[in-house]
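Each position in the sequence shown, counted from 1, maps to that position plus 9 in my numbering.
The C-beta atom is built at its ideal place from N, Cα and C for all residues, glycine as well.
Take a look at the structure set out below.
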Amino acid sequence: MTMYRAPIASRTSLGAQLDQLLTSRFFPARWASRVWMPRDLPPSLERCIRQLAPDTEWRAYSDDVRTFFAIARRSAEHEYGASSATMDVYLLDRDAAVYSAGKWAYAREQGWWLDAVLPASYDPQNGWWLNAVMVSAAAH
Numbered sequence: 010m011t012m013y014r015a016p017i018a019s020r021t022s023l024g025a026q027l028d029q030l031l032t033s034r035f036f037p038a039r040w041a042s043r044v045w046m047p048r049d050l051p052p053s054l055e056r057c058i059r060q061l062a063p064d065t066e067w068r069a070y071s072d073d074v075r076t077f078f079a080i081a082r083r084s085a086e087h088e089y090g091a092s093s094a095t096m097d098v099y100l101l102d103r104d105a106a107v108y109s110a111g112k113w114a115y116a117r118e119q120g121w122w123l124d125a126v127l128p129a130s131y132d133p134q135n136g137w138w139l140n141a142v143m144v145s146a147a148a149h
């Protein structure tokens, strides 16, 4: 199966990069509808969104039974050249528990690939910290 590889450069918006990654690597867009408003999500995910730092993007999709939720930020390391992109992506379940975290990279010739697995933590007493940068410390 050949995957469509849309051109993505490092200056493309983080939201557009996250959309392209999710569509190309995780699920066909036809099974779920995008959730645009945090209030339409389970309370744990809504709280998570409200605590995110300004330099992050989130996406949520639902089919009224399942919820798919992702958070992304640009990776600190950018080692693949000007026509590439890297971002840290965290996938959360409906209880806001991280079940997967990774650094994803993109190059026009290869499309998206998982470059590294990332650690992630959740502390119910103190809120989110995802690599200590994604979450605004003042949002507790």
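Identity of the residues DSSP links to residue i by a beta bridge
i    : result
A94  : Y115
Y108 : Looking at the DSSP assignment, Y108 forms no beta bridge with any residue, so it has no partner.
T21  : T21 is not bridged to any residue.
A79  : R68 and L100
Integer-rounded CB distance, given that residue j should sit under 8 Å from residue i
i    : j    : result
A125 : G111 : 6 Å
R75  : M96  : Contact doesn't hold; Cβ gap of about 24 Å is too wide.
P47  : E55  : 4 Å
Own chain, CB closer than 6 Å to residue i, minus 5 neighbours either side, in chain order
i   : result
F77 : Y70
W67 : I58 and I80
Spatial neighbours of residue i in its chain, beta-carbon cut-off 8 Å, leaving aside the 5 residues before and after
i   : result
W5  : The chain is shown from 10 up to 149; residue 5 falls before or after that span and cannot be answered.
S42 : Y70, S71 and D72
Per-residue burial, residue i [other beta carbons within 10 Å of its own, 16 or more giving buried]
i    : result
L123 : exposed
Y99  : buried
Q119 : exposed
A25  : exposed
T65  : buried
A106 : exposed
Neighbourhood of residue i by C-beta, 7 Å cutoff - its chain only, sequence neighbours within 5 removed
i    : result
S109 : L100
Which parts of the stretch 34 to 60 are runs of the beta strand (DSSP E), unbroken and 3 residues or longer, counting only runs that do not cross its ends? 42 to 44
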